[in-house]
Structure formats: C-alpha cells, structure tokens
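Participant:
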Amino acid sequence: MTAVIEAHGLGKRYRGRWALTECTLSIPAGRVVGLVGPNGAGKSTLLNLACGQLHPTAGTIRVLGHRPGDGPGQLARVGFVAQDTPVYAGLSVADHLRFGARTNPAWDHEAAYRRIEQLGLDPRQKAGRLSGGQRAQLALTLAAAKQPELLLLDEPVAALDPLARRSFLHSLTEFAGEREGRTIVLSSHVITDLERVCDYLLLISGSRVRLAGPCEELIAEHYRIVGPRRAASALPAGMAVVQENHIDHRSAFIVRTAAPLPKGDWRVERLDLEDLVLAYLVRDTRSHDSYDAHDAHDSHDLEGPQ
Amino acid sequence: MIWMTWRQFRTQAIVGALALAAAAIYLLVLGLNIHADYDGSLAACIAKGCAPGLVSGFEDKYSTVVMLTDLALMAVPGLLGAFWGAPLIGGELASGTHRLAWQQSVTRTRWLTVKLLVVGLTAVIGTGLLDLLMAWGVHQHDTVKAARFSSLVFGARGIVPFSYAAFAFTLGAATGLLLRRPIAATGLTLAVFAAVQFVVPTALRSNYLPPRTADIRLDTTTLSHADGIVLSGSSLMIGGISLPDAWVVSAGHAVDPAGQPPNTEKLNNCLAPGQFDRTVDCLAEQDLHVTATYQPNTRYWPFQLIEAALYTAMAAALSGFCFFWIRRRTT
Chain X
1 MTAVIEAHGL GKRYRGRWAL TECTLSIPAG RVVGLVGPNG AGKSTLLNLA CGQLHPTAGT
61 IRVLGHRPGD GPGQLARVGF VAQDTPVYAG LSVADHLRFG ARTNPAWDHE AAYRRIEQLG
121 LDPRQKAGRL SGGQRAQLAL TLAAAKQPEL LLLDEPVAAL DPLARRSFLH SLTEFAGERE
181 GRTIVLSSHV ITDLERVCDY LLLISGSRVR LAGPCEELIA EHYRIVGPRR AASALPAGMA
241 VVQENHIDHR SAFIVRTAAP LPKGDWRVER LDLEDLVLAY LVRDTRSHDS YDAHDAHDSH
301 DLEGPQ
Chain Y
1001 MIWMTWRQFR TQAIVGALAL AAAAIYLLVL GLNIHADYDG SLAACIAKGC APGLVSGFED
1061 KYSTVVMLTD LALMAVPGLL GAFWGAPLIG GELASGTHRL AWQQSVTRTR WLTVKLLVVG
1121 LTAVIGTGLL DLLMAWGVHQ HDTVKAARFS SLVFGARGIV PFSYAAFAFT LGAATGLLLR
1181 RPIAATGLTL AVFAAVQFVV PTALRSNYLP PRTADIRLDT TTLSHADGIV LSGSSLMIGG
1241 ISLPDAWVVS AGHAVDPAGQ PPNTEKLNNC LAPGQFDRTV DCLAEQDLHV TATYQPNTRY
1301 WPFQLIEAAL YTAMAAALSG FCFFWIRRRT T
C-alpha cells in the first residue's frame, strides 16, 4: 500500500498558537478519506499543508512522494477546494473554466462542460450570483477537471442546504469512481455526510490524530458492551477502553479489540461511524478536563491496525 | 495566466484607458494651441531675437496651464499605482480567491510575474505616452522658459515618468500584499508615493552629482531678475539668482570685491522701499558678488538617467519583496 499523504511530527503555528502539533499519519492511495474532528482541531490546517497553501512550522509532509506545492508538476497532481469555496465573483462560469483550461496541463475540457451542463449552470452567469451550492459545485468542477491524483476538500458542504449537500457529495463520488487510484480527502464535522461517501476515517482532535483506519475495520473492531458494574481493569486483556460509563450497578464500555470479542456476562452492541467518532471526541474532552485513567489508553488508540 | 490577468484587469483597464484617452485628447488640444500660437508670433523672430514683451507674453499665457498640467501628470503614476497596483494581489487576498488561483498548475512565482509584468507594463506605457505627448505639446514653451530642472517640469518630461510609474505600481502591489486590504493599501500607496515625490526633488535631486560653484557678479541684469533682496545687518541675500543654462542650487551671502561683507551703511543707503529699480542700480554700483552652487544644463540627461535608475531600483526592490513575501509569508 503506497501512501498518498505521509506526515511525520507535522506542526503548524500561527502567531504563537499551535494549530496542529506532532501530527504523524499515512493516508493510503485510492481511498475516500473522511477527515473529522471538532472545530479548530487542525483539519483545515492539515489540508492546507497538504496542498502547499501553507508551509509547516515543524516536521515534514510528503504528498504523492514530493513536497506539497513544489513546482507546477506537483500542483497539477493535487486538487484543492478551499473552505467557503472561493471563486471570482466578477467572472462568469465560462471564464472560470477558461482559467482552469489555461493554467492546467491535464485539463479535461469536455468533462468540465458536461458537469456544468448537468448542474444546469449557465456558463454566462457571473460566479458572484451563484447560490452557495452552485458555487461549491463550480469549485469542485474546477478542481476535478484538472484531473488530480489527489483531491482535497476543506469543509465543502458546511454551508450547503441538505439538497445541495447531497448533490455535491454525489458529484464527489462520481469523480472518485471515474478512475482507479484516485484519492479524495474530505473534511467535515458532520459525520453523517462522511458516512455516505468515505471508506477511510481520520479523526483529529486537540490538534492530534486520534484515530485512523478503513471505516469497515474500525467499525468491526469497536463494540459497546453493557453488563454488571465493574472497573475497566476487570475487563479481559486485549480490550482497549475508549469510553466507560457507570450508572448504579451497571457499567457500559466502548472497547476496541482486533481479536474476536470474548464471551462474557454482557450484552454486545455494534456501533456506527458516528457513535464511534463521538466516543473518541467525548473521551478527548474529558481527558482534557482531568488526567485520569483514560490517559493510559491513549497510546493504543492513536493508530488503527495497519 | 496572461489571459486570466487581462480578464481580471479588464474593468480597471477600460476605466484607465478612458481616463488616459481623455487626458491625451486634452494634451493634444493644448499642444496644438501652443504650436499655433508659437508659429503665429515667435517663430518668425526667434532666430534673430524677438521683442521681450512678445517672449514673456507667450511664456505667461501658458505658464499656469502648463504648471497645472505638469502637476496632474505627476499624479498619474501614483493614481495608477493606487488603483491598479494595490488591488493586484491585495484584492485576491481580501476575497480569498488566491486560494483558488494558487491551486492551479501555476507556481505563485509565475502567477506574480505575469500579473506584475502585464499590468505594470501597461501602467508604465500609459504614463510614458502621456508624458511624451506633453513633451511634444509644450516643447516650445519649455524652450522659451528654459527651466527644465524645475521640480514639476523635470518630473513630467524625459524618461523619469516611466520609472515613477514602475515604482508607484510595485509600491501599490507590495502594500496590497502586505496589508491584504485593497482600500487601505490604495490610500497608503498614494500617501507614500506623494511623500517620496516630495523628498526626492527637494532633498536628493541636487546631490546626484557634486554641484559646481560659480562667482556671480550682482550686476543690474542679475539683480533685476532676482525674486527678492533680503537685507539683515551686513548680510545681503539675493533670492532666485539665475545663471544661463544652469540650475542654481544655492547662493551664499553677498561680498564686496575684496571678499569682505559689504559695508552696512552703504547697503542701507541703497534701500529704497517701493523703488525696486533704484535699489537695483545702487546695489549694482557696489560691485558685489555671491558664490553660488549650480548644476549645469548639460547634466540634464545624466540627472534624468540617475533619477530613473533610482526609481527603477526601488521598483525592483519592491518586486523582489513581493516575490519573497508571497512565497514565504503568505502561508
């Protein structure tokens, strides 16, 4: 498995504040990666570092084997849809496509026009008069028609209504399916959006990577178990506790284990992606408040099984 | 990238072109008027010497309009720098579109190079054309007036306006890049450009080459052309001393033929308030001298070259700063 994005000890500081620290990760090729985390977790910073818009303060990042944004060749291989999907308000849709055509060697003119037609956009319309959803679609069209190997999107659906959101994500899935080996990294704090399109999850919180791995594997390895009250240390070995809850004489745990779950005096429930992400985020907020037993598990949970 | 630069610049270019065209028409009309006037009066007699009234009449008729036009022409580079230069990068940063532009397969360096060259050269050529037209139109007036070193005339003729335009434009681009707010950058560009255009002619220009010194005899001609005669004690200062074919930079106190300060009593006797001619005649009789420093007229083109080089160097430094900043700091 070759890594599309590889970071070691990556950090970025803005005016004395670290937006991202000690970020070490490896994103495999051919995936649609959901980048999740609370607001201000460093998702945007990571994406901007990966496309070369920002330069790291610490550590290294390699994208498709090269330094991000290093020369026109590297720029051509990576597409980026920035937050709020900026477009030139005074220029028409056709002007934008012409701009893309004149600045990108692998520009797919037909595909771009086909998409604009499918979306029902008038090429003569000024981009400043498009709706939020149309603007996002135009930005995606620009990024997609340059035919990048890696497409990065920073909260592209955050400002869209549910219908525009669905249509945008549909377009994204189409792009991913057009050619083998394309990688998409999409950030969002709405997990249900990601669940629909992503097959790989990367969770950043407190400016660190908390969880990374294929969605199916992550879901397969996590369980919620509910049974008679007990301490986390009383659980069988090989289970990493993500979250625990004790109410009266019952205890509920969210645990992670690569091995099949042993039988016990508990009820087992499956988690969906959203439950899973929330469990990690809730745990993070708690461990920020008080450094208690949860910290002991941190080292296990940082990386998914490779 | 060239197409995109033009496309983004189109509205400003049209507005600028209309303004430049209007200015060009005005200069053409002014030039034709001056030429017609000259041909009808001075052209016939200038070789063998015209009546003084005819010459000064021609000079006075146009001196105000030429001065105001020169002043307006001096503002053109500043305006182009403020309204074309400041939004060039600052506008993109303010609207966030740099995040779109810099993600195409074009490096920031190339993006900036094309923008600076396309819009910058347009500003330089536009300014230069206006000044060439002005130089043609008022050529005869300039010759009669023989004051091409004066601040306004020097800055609106020859090759320096091209370099002013390059400087003002890169100044606008750099402040826009630094402030990220095009409106603020527009204002700052105008202010800085005006300050530089004040400091250079008043403080720097006369020192481009070491000035020469001359001993000027205060005869009737020199004194009657002076702007003012100031006496305090034994110190006599003559304002606005002129030398033929030269730019007088400074003039010292008047001294008598022996090199001593003139006799106070004699000076006081000469002063006849309200009777300028008598004062002049009386002072001329005393055979006084002043030491003046001056730049000869033959240095006009060397000075034009030196000043153009100075502004071009500043423009180059500002461009260099833009390239550095856009790669290192705008991240």
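Sequence order for the protein chains is X and Y.
Letter by letter, the first sequence follows residues 1 to 306 of my numbering.
Letter by letter, the second sequence follows residues 1001 to 1331 of my numbering.
Each residue gets a CB set at the ideal place from its N, CA and C atoms; glycine is no exception.
Everything numeric in this text was worked out from a predicted model, so none of it was measured.
1) Report the option in Ala1156/Y, Gly1090/Y, Leu1133/Y, Val1124/Y whose CA atom is closest to the CA atom of Ala1315/Y.
2) According to DSSP, which residues form a beta bridge with Tyr14/X?
3) Straight-line CA distance for Ala1146/Y to Pro1296/Y?
4) Could you name each continuous beta strand (DSSP E) segment of 3 residues or more that falls completely within the segment 132-163 of chain X, going from the start of the chain to the end?
5) Looking only at C-alpha atoms, which of Arg15/X, Thr21/X, Val87/X sits nearest to Arg208/X?
6) Check whether the Cβ of Thr307/X lies closer than 7 Å to any Cβ atom in chain Y.
7) Which of helix, strand or coil does DSSP assign to Glu244/X?
8) Run through DSSP, which three-state label would His8/X get?
9) State the DSSP-derived secondary structure class of His300/X, mapped to helix, strand or coil.
10) Applying the 10 Å Cβ sphere with the 16-neighbour rule, what's the burial state of Cys1045/Y?
11) Near Ala1226/Y, which residues of its chain fall below 7 Å by C-beta distance, leaving aside the five closest residues on each side in sequence?
12) Drop a sphere of 10 angstroms on the beta-carbon of Ile225/X, count the other beta-carbons inside from all chains shown, and report buried for 16 or more, exposed for fewer.
13) Would you call Ser1232/Y buried or exposed, if buried means 16 or more other Cβ atoms sit within 10 Å of its Cβ?
14) So which residues on chain Y does Gly71/X lean against when the C-beta distance must stay under 7 Å?
15) Compute the Euclidean distance between the alpha carbons of Ala1156/Y and Gly1049/Y, then round it to the nearest angstrom.
16) Buried or exposed for Ser251/X, going by 16 or more other Cβ atoms inside 10 Å?
17) Tell me, please, whether the CB atom of Gln1012/Y is closer than 7 Å to any CB atom in chain X?
18) Of all the CB atoms in chain X, is at least one closer than 7 Å to the CB of Trp1136/Y?
19) Taking buried to mean at least 16 other C-beta atoms within 10 Å of its own C-beta, is Asn104/X buried or exposed?
20) Does the CB of Ala112/X have a neighbour CB from chain Y at under 7 Å?
21) Could you tell me the boundaries of the beta strand (DSSP E) in which Met239/X lies?
22) From Ala89/X, His170/X, Val277/X, Glu217/X, pick the residue whose C-alpha is nearest to that of Gln118/X; which is it?
23) Measure from the alpha carbon of Gly1172/Y to the alpha carbon of each residue in Phe1193/Y, Leu1152/Y, Ser1163/Y, then state which is nearest.
24) May I have a chain-ordered list of the alpha helix (DSSP H) segments no shorter than 4 residues that lie completely inside the segment 186-255 of chain X?
25) Please compile the residues from chain X whose C-beta is within a distance smaller than 9 Å of the C-beta of Thr1186/Y.
26) Does any residue of chain X have a CB that is nearer than 7 Å to the CB of Thr1097/Y?
27) What ranges does the alpha helix (DSSP H) occupy inside the segment 1071-1152 of chain Y, keeping only unbroken runs of at least 4 residues that lie completely in it?
28) By alpha-carbon positions, which one of Asp161/X, Asp122/X, Leu91/X, Ala139/X ends up nearest to Gly128/X?
29) Just list the beta strand (DSSP E) runs in the segment 23-67 of chain X, keeping only unbroken ones of 3 residues or longer that don't cross its boundaries, in chain order.
30) Following the continuous alpha helix (DSSP H) through His1253/Y, name the residue where it begins and the one where it ends.
31) For Gly100/X, go through chain Y and note every residue whose CB falls closer than 8 Å to its CB, in chain order.
32) What's the gap between the Cα of Arg114/X and the Cα of Leu97/X?
33) List, in order along the chain, the chain Y residues whose C-beta lies closer than 7 Å to that of Ala164/X?
34) Compare the beta carbon distance of Leu1088/Y and Lys1115/Y with 7 Å and say whether it is the shorter of the two.
Facilitator: The relevant details are as follows:
1) Val1124/Y
2) Arg17/X
3) 12 Å
4) 150-153
5) Thr21/X
6) Look at the range of chain X in this structure, 1 to 306, and you will see that residue 307/X is not part of it.
7) Residue state, collapsed to three classes: strand.
8) Reduced to three states, the DSSP call for His8/X is strand.
9) Confidence at His300/X is low in this model, with a pLDDT of 33, below 50, so its placement is unreliable and no value can be given for it.
10) exposed
11) Ile1238, Gly1239, Gly1240, Ile1241
12) buried
13) exposed
14) Contact note: Gly71/X reaches chain Y through Thr1107, using a C-beta cutoff of 7 Å and chain order.
15) 29 Å
16) buried
17) no
18) no
19) Around the CB of Asn104/X, 16 or more other CB atoms lie within 10 Å, so the residue is classed as buried.
20) no
21) Met239/X -> no beta strand (DSSP E), and no H or E assigned at all.
22) Selected option, being the one with the closest Cα: His170/X.
23) Phe1193/Y
24) Here the runs fully enclosed are 191-197, 215-221.
25) Result: empty, since nearest Cβ-Cβ is about 18 Å, beyond 9 Å.
26) yes
27) 1086-1095, 1098-1101, 1108-1137, 1139-1145
28) Leu91/X
29) 32-36, 58-63
30) Element bounds for His1253/Y: n/a, residue is neither H nor E.
31) Going along chain Y in sequence order, the residues near Gly100/X (Cβ under 8 Å) are Gln1104.
32) Computed Cα separation, rounded: 12 Å.
33) Chain Y residues near Ala164/X: none, gap ~19 Å exceeds 7 Å.
34) yes
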